[in-house]
Every structure is written in C-alpha cells, then in structure tokens.
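In UniProt numbering, the protein residues as written are 1 to 90.
Rendered as structure tokens:
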C-alpha cells in the first residue's frame, strides 16, 4: 500500500509563494496587454499621442521580458509588429 506523504512546512510555504508570484505575473501581463491595446488603438485612429503610447507599450514589454514574465523573443515580435503597424500609417 502506498503511504501518505508527510506534511511539510516547506510545501505550504511553496504554495503560498507561488500564489504570490502568479498574482504578480498576472498583474504584469495585464499591464502589458492594456498598454499594447492602447497603442494599437492609437495607431488605428492615427491619434496625436501615438508615439507616447507606443513608447509606454515598448517599455512595458521590455520590463516584462526582463523579469521573465514573457519570453524575450515574444516581446521583440510584439514590438516589431507594433512598429510595422505604425510605419504603415505614415
């Protein structure tokens, strides 16, 4: 018969830690999504503040990639697509 694994404090701590990390990652991803959405809408509408919104989106992507929340290549791909969309509207 398989015996039940012993209850350990480190397992409880690990669960608590991963919940905090997940919440932090979700919050950071949501900031990136919001910045990208605002930048894309500004590009589509040819808004006056499009450059500022693109800069904020690029900054959010770089920070998320640096912290390991999204992969660096994904950040580069999204930045490239955003700049391509902006350059098409010129």
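Note that beta-carbon positions come from the ideal geometry of N, C-alpha and C, so glycine has one too.
Selection from the options that minimises the alpha carbon distance to residue i
i	options	result
residue 40	56, 22 and 25	56
residue 25	81, 65 and 80	65
residue 71	29, 47, 9 and 23	29
residue 90	12, 47 and 22	47
Distance, residue j Cα to residue i Cα
i	j	result
residue 38	residue 50	9 Å
residue 83	residue 34	17 Å
residue 88	residue 45	13 Å
residue 80	residue 73	10 Å
residue 75	residue 23	20 Å
residue 63	residue 31	11 Å
residue 27	residue 7	31 Å
residue 12	residue 86	48 Å
Residues near residue i in its chain [Cβ-Cβ closer than 7 Å; skip 5 each side]
i	result
residue 42	49, 50 and 53
residue 78	36 and 61
residue 69	25, 28 and 29
residue 21	none
Spatial neighbours of residue i in its chain, beta-carbon cut-off 8 Å, leaving aside the 5 residues before and after
i	result
residue 67	28
(message) Within 8 Å, do at least three Cβ pairs link the region 16-23 to the region 52-66?
(response) They do not touch, by the three-pair rule.
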